[in-house]
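S.K.: Please find one structure pasted underneath; my questions will follow.
Numbering (my numbering), first residue to last: 6 to 284.
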């Protein structure tokens with residue numbers, strides 16, 4: 006009743022899972038990841054113990070194949086389970102129990118494991134795999150995972166329909182303010198087009214939590230400073246003429262662009278949003 010993509014980025018710095026299903030809040034049940042250890046998805050008649058137990062094995066240095074073997078060997082209901090794993094080194098492994106709802110199967114290779122059950126057909130995982138390879142130049146692991154998930158969804162996905170989707174990516178220090186390893190954790194719990202909605206949310210995540218490209222930053226002086234001050238004035242920041250920096254930084258905080266803020270400069274992405282908001 007689910008299809009998922011488990012992967013590591015080519016640089017070996019991020020691990021993640023993208024998943025979709027006709028199941029409420031699938032992101033609360035299927036994915037697990039830990040930077041420096043690996044990632045996994047547990048699905049079909051999902052055994053949620055696979056998540057902590059699998060991560061513990063990966064943390065201890067087990068390969069993906071060893072994790073799959075250990076989890077399923079200890080599970081009397083393994084014929085109803087499906088699991089995909091990618092380890093710290095990018096090795097992958099997957100298992101599809103004989104009693105999973107057809108169509109059920111998996112494909113895995115270096116850095117990726119793709120699996121699904123209760124699908125419209127094998128084309129779901131085949132198209133997801135093709136899209137994964139085609140998206141090798143994606144700007145982030147989250148984008149590459151979503152490209153693969155969207156291709157599987159377009160190929161038919163869960164044969165019962167659509168309800169939820171999620172993407173989880175972990176990378177050292179990649180969370181908000183550098184204070185966590187959670188690079189992306191987005192969930193669409195109940196939606197008619199969950200994969201499309203997940204794409205929209207990822208776009209917002211990139212806007213608010215993306216980092217400014219230092220080569221694209223613009224100095225806030227001269228004509229540009231005057232332009233920004235005019236926009237802020239129109240937005241109600243009347244004190245901008247007396248105290249530009251506090252007014253500008255207050256707008257940054259109000260709009261949640263602090264991850265893109267560099268003192269004395271403006272990110273062109275943020276400048277575009279300010280111009281749009283002020284017109």
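No residue lacks a Cβ here, since even glycine has one placed at the ideal position from N, Cα and C.
With 16 as the cutoff for other CB atoms within 10 Å, does residue 58 come out buried or exposed?
M.R.: If you number the chain shown from 1, residue 58 lands on position 53. Residue 58 is buried by the Cβ-count criterion.
S.K.: Applying the 10 Å Cβ sphere with the 16-neighbour rule, what's the burial state of residue 13?
M.R.: The residue you call residue 13 lines up with position 8 of the chain shown. Looking at its Cβ environment, which holds 16 or more other Cβ atoms inside 10 Å, residue 13 is buried.
S.K.: Closest to residue 54 by CA distance: which of 42, 29, 72 is it?
M.R.: Taking the chain shown and counting its residues from 1, the one referred to as residue 54 is at position 49. When only C-alpha atoms are compared, the closest one is 72.
S.K.: In whole angstroms, what is the alpha-carbon distance linking residue 254 and residue 183?
M.R.: Along the chain shown, read from residue 1 onward, the residue named residue 254 stands at position 249. Along the chain shown, read from residue 1 onward, the residue named residue 183 stands at position 178. For residue 254 and residue 183, the distance between alpha carbons rounds to 20 Å.
S.K.: Taking the alpha-carbon positions, what's the residue 83 to residue 102 distance?
M.R.: Taking the first residue of the chain shown as 1, we reach residue 83 at position 78. Taking the first residue of the chain shown as 1, we reach residue 102 at position 97. Their Cα atoms are separated by approximately 6 Å.
S.K.: Tell me whether residue 47 is buried or exposed, calling it buried when 16 or more other Cβ atoms sit within 10 Å of its Cβ.
M.R.: Residue mapping note: residue 47 aligns to position 42 of the chain shown, counting from 1. It is buried - the Cβ of residue 47 has at least 16 other Cβ atoms within 10 Å.
S.K.: For residue 33, is the classification buried or exposed, using 16 other Cβ atoms within 10 angstroms of its Cβ as the cut-off for buried?
M.R.: The count along the chain shown starts at 1 and reaches residue 33 at position 28. The residue is exposed, with fewer than 16 neighbouring Cβ atoms inside 10 Å.
S.K.: I want to know whether the stretch 270–280 touches the stretch 216–227 - three or more CB-CB distances under 8 Å.
M.R.: Yes, the stretch 270–280 touches the stretch 216–227.
S.K.: Pull up the distance between the alpha-carbon of residue 134 and that of residue 98, whole angstroms please.
M.R.: For this step, residue 134 is matched to residue 129 along the chain shown. For this step, residue 98 is matched to residue 93 along the chain shown. In a straight line, the C-alpha of residue 134 is about 14 Å away from that of residue 98.
S.K.: In this structure, how does DSSP classify residue 111 when only helix, strand and coil are distinguished?
M.R.: The count along the chain shown starts at 1 and reaches residue 111 at position 106. Strand at residue 111.
S.K.: Identify every residue that forms a DSSP beta bridge with residue 122.
M.R.: Walking along the chain shown from the start, residue 122 turns up at place 117. BP columns for residue 122 point to 7.
S.K.: Please list, in chain order, all residues of the same chain as residue 192 whose beta carbon is under 6 Å from its beta carbon, the five residues on each side excluded.
M.R.: The residue labelled residue 192 in the question sits at position 187 within the chain shown. Answer for residue 192: 32, 171, listed in chain order.
S.K.: Buried or exposed for residue 247, going by 16 or more other Cβ atoms inside 10 Å?
M.R.: Locating residue 247 in the chain shown gives position 242, where the first residue counts as 1. Exposed is the call here.
S.K.: Go ahead and pull the three-state DSSP assignment for residue 272.
M.R.: Start at 1 with the first residue of the chain shown, and residue 272 comes out as number 267. Coil, per DSSP.
S.K.: Please confirm whether residue 187 and residue 178 have their CB atoms less than 8 Å apart.
M.R.: Your numbering for residue 187 matches position 182 in the chain shown. Your numbering for residue 178 matches position 173 in the chain shown. No, the pair does not count as a contact, with Cβ atoms beyond the cut-off.
S.K.: So if DSSP puts residue 26 in a beta bridge, which residue, or which two residues, is it bridged to?
M.R.: Walking along the chain shown from the start, residue 26 turns up at place 21. According to DSSP, residue 26 bridges with 7, 169.
S.K.: So residue 258 is in the alpha helix (DSSP H); what residue range does that whole segment cover?
M.R.: In the chain shown, counting from the first residue as 1, residue 258 sits at position 253. Segment 249–260, the alpha helix (DSSP H) holding residue 258.
S.K.: Residue range of the alpha helix (DSSP H) that residue 18 falls in?
M.R.: Looking up residue 18 in the chain shown gives position 13. Neither: residue 18 is in no alpha helix (DSSP H) and is coded neither H nor E.
S.K.: Taking just the CA atoms, how far does residue 29 sit from residue 209?
M.R.: For the purposes of this step, residue 209 is identified with residue 204 of the chain shown, where counting begins at 1. For the purposes of this step, residue 29 is identified with residue 24 of the chain shown, where counting begins at 1. Between residue 209 and residue 29, the C-alpha separation is close to 23 Å.
S.K.: What are the start and end residues of each continuous alpha helix (DSSP H) run of 4 or more residues lying completely inside the stretch 157–220, in chain order?
M.R.: List check, alpha helix (DSSP H) in window: 199–214.
S.K.: Taking 8 Å as the cut-off, decide whether the C-beta atoms of residue 86 and residue 52 are in contact.
M.R.: Taking the chain shown and counting its residues from 1, one reaches residue 86 at position 81. Taking the chain shown and counting its residues from 1, one reaches residue 52 at position 47. Cβ atoms of residue 86 and residue 52: closer than 8 Å.
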